[in-house]
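Top line first, the protein sequences correspond to chains A and B. The working numbering numbers the first residue of the first sequence as 147 and each following residue consecutively. The working numbering numbers the first residue of the second sequence as 30 and each following residue consecutively. See below for the structure under consideration.
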Amino acid sequence: MWEYTAKVKDHFLNPRNVGVIDNPDGVGEVGSLACGDALKLYFKLDDNGKITDAKFQTFGCASAIASSSALTEMIKGLTLDEVAKITNEDIASYLGELPKEKMHCSVMGRDALEKAIAYYRGEKEKKIEGEIVCECFGVTDIEIRRAVTENNLSTIEDVTDYVKAGGGCGKCHEKIQEIIDSVHSKDKPAKKKIIKLTNIQKIKLIEETLEREIKPALKKDGGNIELIDVDGNRILVKMRGTCATCSKSQITLKHYVESKLRELVAPELVVEEVQQ
Amino acid sequence: MKPVYVDNNATTRVAPEVLEEMLPYFTELYGNPSSMHSFGGNVARKIKEARERVAAMIGATPGEILFTSCGTESDSTAIRAALISNPDKKHIITSRVEHPAIKNLFENLAKNGYRATFVPVDSKGMLDLDYLYGHLDDDTAIVSIMWANNESGVIFPVEEIAQAVNAKGIVFHTDAVQAAGKVPVDMRKVKADMLSLSGHKIHAPKGIGALYIRKGTKFSPFLIGGHQESGRRGGTENVASIIGLGKASEMALSHLDEMGTRIKNLRDKLEDVLTKTVPNTMVNGEKDQRLPNTSSIGFEFVEGEAILLMMDEFGICASSGSACTSGSLEPSHVLRAMGVPFTAAHGSIRFSLSTYNTEEEIDFIIEKVPPIIKRLRELSPFWKNNSCK
């Protein structure tokens, strides 16, 4: 069972400001049934540009409902400029604290708020910026980068707790790690050491990487790969199993096999499939 | 507040009769069953009785019962023993809806050189038997299919599966942690080679389980050590708990009729009334092929953790297949394998009864749950658009 603070429980059992505002000045909707939580936030402004009323509807767990309720209380009486400064951390601290695994509920509040402000300001629905990294939950690299930067996250698990990315099938874990690494390496740029490998060392390392990293991953989908030859920086392989007939095998070859080998062996490698 | 406990597939209370039989073995009767003196020998005799009682519950002989620390240990022991006995075979088969004790073990083995096949289920949670039989091959070392599912309560046709798997000379194991003691389990009819069961699901304490190993099945121990359990599991016996499991097995056997009648009726009442009084609800799993104590109900457009916490305010203890309760983000693998729509998967609640439940408790739940669902739906942005079915 989760350790919820008394304030979370109170806002869950006695949520404030539930409902809909007709003709709202701002409205923002995030999440979906498939994701397991969703929030629709409404606000109304007075003549001085202050929020006079805020209401919400939430589908989700106790902390999602509590975060939404807290948010509506927090923004009442504030101007939009003030409101725009509210972070997900602010929502969490208003409630005392949220379990680490539930931080995404506070992020959902912040996201709905941003959307509602954009709605008021007549900013067009922003197109999804960036590239979708986590397909299960539709999270982009920009969102992940932001969560990592703002909350100083250091592990994939942290990222999942905050923005859900990586909480589904797990295929995007590698990409998330790259984003985390790139955010943190900005702080102190360090050049990767380049070690010159002998040909024997290189071939050995390629073989090891194939065995340890690549084959197990392909085998999960019933595929396999065979090393045919290494010619300088050209790695000649043959796809086996389901990979041999898979229409996406070229993508797997370039995006997965090649990038993995470049990462773990040498950056100048090129993987090619030999034809029969 | 007295809890209304309907989460018996998670764990059960220790029966007072069970505790009573256990207590002397914590205090005055503390001998080691392996000792040569009669002080220890008396303990060994009581363990023998426990073994007979467990065997009787499942139609086995005492020599086929191995005591373990839990269902998970029984599962791991069984699978590893089968793999060690068949070192050249690298294919393993299980279902997509197993308990993590099997599911995660198989996923782990799949990363370590084994080829794992996960047999799908249909929307009613019933196993695709053709798929299973179609995947048996010469390389298959073991098939492990649970007797009954812990979430939906759906019972699999293990008797038929055991026969088909056996005919190919392949080892068959079944995780009967949820079935043993709730429905008749008779190893004279079901030709499984190994079967796992657990004490704390049938009113024995936590920390005790058993593995049935059919006479003649090749076996190798998981815990290597002393000669305890006829050399099949090293480590001094968990004496009091073994005795507890023995008593609990005897009681479960004598309560089987009650389980299939009074408890089943209470479960049916709970289910019927809730699905009738609360709109947009559905029962997960094939209704006629289920454990008599289990009901998984999907309440559309609300989220399970919120339902559980509101029920908790009334002392009602159940569990949920929702993502939020487990810390993962996706609803249970069982509900997903059954293709339960997201609208209901996140709001699925499992009620699981025991012979301790009363009609008053069921009436209490029937009274308290509908307003909770109504209240949460009023909060939900999805409700109004979908309520006019």
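Note that CB positions come from ideal geometry on N, CA and C, so glycine has one too. None of these values were measured; they are calculated from a predicted model.
What is the DSSP secondary structure of residue i, reduced to helix, strand or coil?
i: V329 (chain A); result: helix
i: E418 (chain A); result: strand
i: K231 (chain A); result: coil
i: R261 (chain B); result: coil
i: G30 (chain B); result: It is worth fixing the name first, because residue 30 (chain B) is Met in this sequence and not Gly. Correct three-state label for M30 (chain B): coil.
i: P392 (chain B); result: As written in the sequence, residue 392 (chain B) is Asp, which differs from the Pro given in the question. In the structure shown, D392 (chain B) sits in a helix (DSSP, three-state: H, G or I).
i: C392 (chain A); result: coil
i: M249 (chain A); result: helix
i: V150 (chain B); result: strand
i: T301 (chain A); result: coil
i: F411 (chain B); result: coil
i: S209 (chain A); result: helix
i: S348 (chain B); result: strand
i: M147 (chain A); result: coil
i: S105 (chain B); result: helix
i: V331 (chain B); result: coil
i: I167 (chain A); result: coil
i: T323 (chain B); result: strand
i: M155 (chain B); result: coil
i: M367 (chain B); result: coil
i: G314 (chain A); result: coil
i: L338 (chain B); result: helix
i: T92 (chain A); result: Only positions 147 to 422 of chain A appear in the structure, and residue 92 (chain A) is not among them; the question remains open.
i: V154 (chain A); result: helix
i: R162 (chain A); result: coil
i: G236 (chain B); result: coil
i: S405 (chain A); result: helix
i: K75 (chain B); result: helix
i: K230 (chain B); result: helix
i: D87 (chain B); result: The residue asked about is misnamed: residue 87 (chain B) is Ile in this sequence, not Asp. Note: I87 (chain B) maps to coil in three-state DSSP.
i: P335 (chain A); result: Only weak support exists for where P335 (chain A) lies, its pLDDT of 49 falling under 50; the coordinates are left without a value.
With a Cβ-Cβ cutoff of 7 Å, do residue i and residue j count as a contact?
i: N163 (chain A); j: A200 (chain A); result: yes
i: G350 (chain B); j: S361 (chain B); result: yes
i: I174 (chain B); j: T146 (chain B); result: no
i: R125 (chain B); j: A373 (chain B); result: no
i: R82 (chain B); j: S278 (chain B); result: yes
i: A130 (chain B); j: T169 (chain B); result: no
i: A433 (chain A); j: G174 (chain A); result: Nothing about residue 433 (chain A) can be read from this structure; chain A reaches only from 147 to 422.
i: I271 (chain B); j: F96 (chain B); result: yes
i: A264 (chain A); j: L187 (chain A); result: no
i: G289 (chain B); j: S181 (chain B); result: no
i: L399 (chain A); j: L407 (chain A); result: no
i: R406 (chain B); j: W412 (chain B); result: yes
i: V200 (chain B); j: A111 (chain B); result: yes
i: F380 (chain B); j: S324 (chain B); result: yes
i: A212 (chain A); j: H157 (chain A); result: yes
i: A233 (chain B); j: A208 (chain B); result: no
i: K153 (chain A); j: L244 (chain A); result: no
i: L364 (chain A); j: C389 (chain A); result: yes
i: V305 (chain A); j: I278 (chain A); result: no
Provide the residue(s) that pair with residue i in DSSP beta bridges, ordered along the chain.
i: D36 (chain B); result: B:S381
i: Y188 (chain A); result: A:V173 and A:K201
i: R144 (chain B); result: B:H120
i: Y241 (chain B); result: B:I94 and B:L224
i: K196 (chain A); result: A:T225
i: D236 (chain A); result: None, per the DSSP bridge assignment.
i: V285 (chain A); result: A:C280
i: S178 (chain A); result: A:D183
i: M385 (chain A); result: A:I371
Point to revise | Residue ranges of each alpha helix (DSSP H) within the segment 348 to 383 of chain A, 4 or longer | key: 361 to 366, all fully within the segment 348 to 383 of chain A.
Review point. Touching or not, the segment 403 to 420 of chain A and the segment 324 to 342 of chain B, by the rule of three or more beta carbon pairs under 8 Å?
Key: No, they do not touch.
Practice item. Let me know the beta strand (DSSP E) ranges lying completely inside the segment 157 to 221 of chain B, each 3 residues or longer, listed in chain order. Key: Qualifying beta strand (DSSP E) stretches, in chain order: 169 to 173 and 200 to 204.
Exercise for review: Any chance you could list the beta strand (DSSP E) runs of at least 3 consecutive residues sitting entirely within the segment 264 to 317 of chain B, in chain order?
Suggested key: If we require 3 residues or more, the beta strand (DSSP E) runs fully inside the segment 264 to 317 of chain B come out as 310 to 312.
Point to revise | the segment 250 to 268 of chain A contacting the segment 178 to 193 of chain A, beta-carbon criterion three pairs below 8 Å | key: Touching, yes, given that three or more Cβ pairs across the two stretches are closer than 8 Å.
Check your understanding: Along the chain, which unbroken stretches of the alpha helix (DSSP H) at least 4 residues long are found entirely within the segment 36 to 70 of chain B?
Key -> Counting only runs of 4 or more residues that sit fully inside the segment 36 to 70 of chain B, the alpha helix (DSSP H) segments are 45 to 51, in chain order.
Check your understanding: Counting pairs of Cβ atoms below 8 Å between the segment 311 to 329 of chain A and the segment 277 to 295 of chain A, do you hit three or more?
Key -> At 8 Å Cβ cutoff, the stretches touch.
Review point. Are the segment 57 to 76 of chain B and the segment 189 to 205 of chain B in contact at 8 Å, needing three or more beta carbon pairs?
Key: Counting Cβ pairs under 8 Å, fewer than three are found: no touch.
Check your understanding: For the segment 304 to 313 of chain B against the segment 256 to 268 of chain B, are there 3 or more C-beta pairs whose distance is under 8 Å?
Key -> Cβ pair count under 8 Å is below three, so no.
Review point. Would the segment 290 to 306 of chain B and the segment 153 to 166 of chain B be scored as touching if the rule is three or more Cβ pairs under 8 Å?
Key: In short, these stretches do not touch, since the Cβ pair count stays below three.
Check your understanding: Does the pairing of the segment 311 to 323 of chain A with the segment 342 to 360 of chain A give three or more beta-carbon distances under 8 Å?
Key -> Using a C-beta cut-off of 8 Å, the segment 311 to 323 of chain A makes no contact with the segment 342 to 360 of chain A, since fewer than three inter-stretch Cβ pairs fall below that distance.
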